[in-house]
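Here the structure comes first, spelled out in structure tokens, and everything after it is commentary.
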Amino acid sequence: MTAAENQSGTLIVVVGPSGAGKDSVMGFAALHFAQRPDILFVRRVITRPSDAGSEVHESVSTAEFEEMQESAAFAVSWQAHGLSYGIPREIADRIESGMTAIVNGSRAALPVIRAAFGKVAVALVTADAPVLAKRLAQRGRESEEDVLRRLKRQVPDVVAGPDVTVIDNSGRLDIAGQHFVALVERHCAKAPHPA
Ligand SMILES: Nc1ncnc2c1ncn2[C@@H]1O[C@H](COP(=O)(O)OP(=O)(O)O)[C@@H](O)[C@H]1O
Ligand SMILES: O=P(O)(O)OC[C@H]1O[C@H](OP(=O)(O)OP(=O)(O)O)[C@H](O)[C@@H]1O
Numbered sequence: 241m242t243a244a245e246n247q248s249g250t251l252i253v254v255v256g257p258s259g260a261g262k263d264s265v266m267g268f269a270a271l272h273f274a275q276r277p278d279i280l281f282v283r284r285v286i287t288r289p290s291d292a293g294s295e296v297h298e299s300v301s302t303a304e305f306e307e308m309q310e311s312a313a314f315a316v317s318w319q320a321h322g323l324s325y326g327i328p329r330e331i332a333d334r335i336e337s338g339m340t341a342i343v344n345g346s347r348a349a350l351p352v353i354r355a356a357f358g359k360v361a362v363a364l365v366t367a368d369a370p371v372l373a374k375r376l377a378q379r380g381r382e383s384e385e386d387v388l389r390r391l392k393r394q395v396p397d398v399v400a401g402p403d404v405t406v407i408d409n410s411g412r413l414d415i416a417g418q419h420f421v422a423l424v425e426r427h428c429a430k431a432p433h434p435a
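Taking our numbering, the leading residue of the sequence shown gets 241, the next gets one more, and so forth.
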């Protein structure tokens, strides 16, 4: 391991099926860690309108996303659900300086995310299938057809490995949220404080 790798923080990638509660669990942790300058909640760049849903993201057009991609603005980007998603390149520098960054990721894109960032921990948020359907209908961010497509989405079986922690969010959000907070704490404890 090089000196730089030794000093770096961790990227915690939150993945799981649509409706499992990735954004909700991250929102719980963001409140918990509001006073922690060493923990960064990543604002993704997405080709989705800014007023759609609760995730705070940078909303761009498809043309703007392509321009950003051409100018190497992303550490990693991927496509799903007819949308493009990007993790800004500067996040890699913040992690290198010792911060713990938390991002809503993608199961299908996990191999490229793992390859792009040195130290990665994966939080796989799950919920039972009937719970997913009910939650997506209640969330109301997508049309009924979109919700059905999300429920049917198949992803490669890549969410396995020693870096993966499963967080069941079939029940109360505060229980899953505390589980996730504990995971983040474990990783911060390993990282040096950023300068
Ligand atoms: N533990 C929970 N109990 C009840 N509702 C929840 C819980 N977790 C999330 N939700 C709700 O379910 C919907 C989907 O959650 P969300 O965080 O958007 O999931 P994801 O980001 O994985 O698609 C939202 O309306 C959210 O408020
Ligand atoms: O490869 P997958 O694991 O299926 O993930 C594909 C995309 O779906 C989610 O996005 P989005 O926030 O649009 O959807 P969600 O909140 O319904 O999961 C997730 O954050 C990924 O960007």
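No residue lacks a Cβ here, since even glycine has one placed at the ideal position from N, Cα and C. Every value quoted in this text rests on a predicted model; they were computed, and no experiment measured them.
What span of residues does the beta strand (DSSP E) with residue i cover, start to end?
{"i": "residue 328", "result": "323-328"}
{"i": "residue 361", "result": "360-366"}
Hey, would you say the C-beta of residue i is under 7 Å away from at least one heavy atom of ligand 4?
{"i": "residue 374", "result": "Ligand 4 is not among the ligands present in this structure, which contains only ligand 1 and ligand 2."}
Under the DSSP definition of a beta bridge, which residues are partnered with residue i?
{"i": "residue 319", "result": "324"}
{"i": "residue 263", "result": "None; residue 263 has no bridge partner."}
{"i": "residue 341", "result": "251 and 280"}
{"i": "residue 285", "result": "298 and 326"}
{"i": "residue 314", "result": "328"}
For residue i, report the span of its alpha helix (DSSP H) as first-last.
{"i": "residue 408", "result": "No alpha helix (DSSP H) holds residue 408; the beta strand (DSSP E) holding it covers 404-408."}
Just verifying my parser: in three-state terms, what is the DSSP assignment at residue i?
{"i": "residue 305", "result": "helix"}
{"i": "residue 382", "result": "coil"}
{"i": "residue 425", "result": "helix"}
{"i": "residue 275", "result": "coil"}
{"i": "residue 357", "result": "coil"}
{"i": "residue 243", "result": "Low confidence applies here, because residue 243 scores a pLDDT of 41, under 50, leaving its location unreliable; read the following figure in that light. The answer is helix: DSSP assigns residue 243 an H, G or I state."}
{"i": "residue 254", "result": "strand"}
{"i": "residue 296", "result": "coil"}
{"i": "residue 393", "result": "coil"}
{"i": "residue 334", "result": "helix"}
{"i": "residue 375", "result": "helix"}
{"i": "residue 414", "result": "helix"}
{"i": "residue 400", "result": "coil"}
Just checking residue i against ligand 1 - is the residue's beta carbon closer than 7 Å to any of the ligand's heavy atoms?
{"i": "residue 262", "result": "yes"}
{"i": "residue 378", "result": "yes"}
{"i": "residue 389", "result": "no"}
{"i": "residue 412", "result": "yes"}
{"i": "residue 301", "result": "no"}
{"i": "residue 256", "result": "yes"}
{"i": "residue 253", "result": "no"}
{"i": "residue 416", "result": "yes"}
{"i": "residue 365", "result": "yes"}
{"i": "residue 345", "result": "no"}
{"i": "residue 326", "result": "no"}
{"i": "residue 401", "result": "no"}
May I ask whether a heavy atom of ligand 2 can be found less than 7 Å away from the beta carbon of residue i?
{"i": "residue 354", "result": "no"}
{"i": "residue 322", "result": "no"}
{"i": "residue 298", "result": "no"}
{"i": "residue 265", "result": "no"}
{"i": "residue 329", "result": "no"}
{"i": "residue 316", "result": "no"}
{"i": "residue 384", "result": "no"}
{"i": "residue 292", "result": "no"}
{"i": "residue 349", "result": "yes"}
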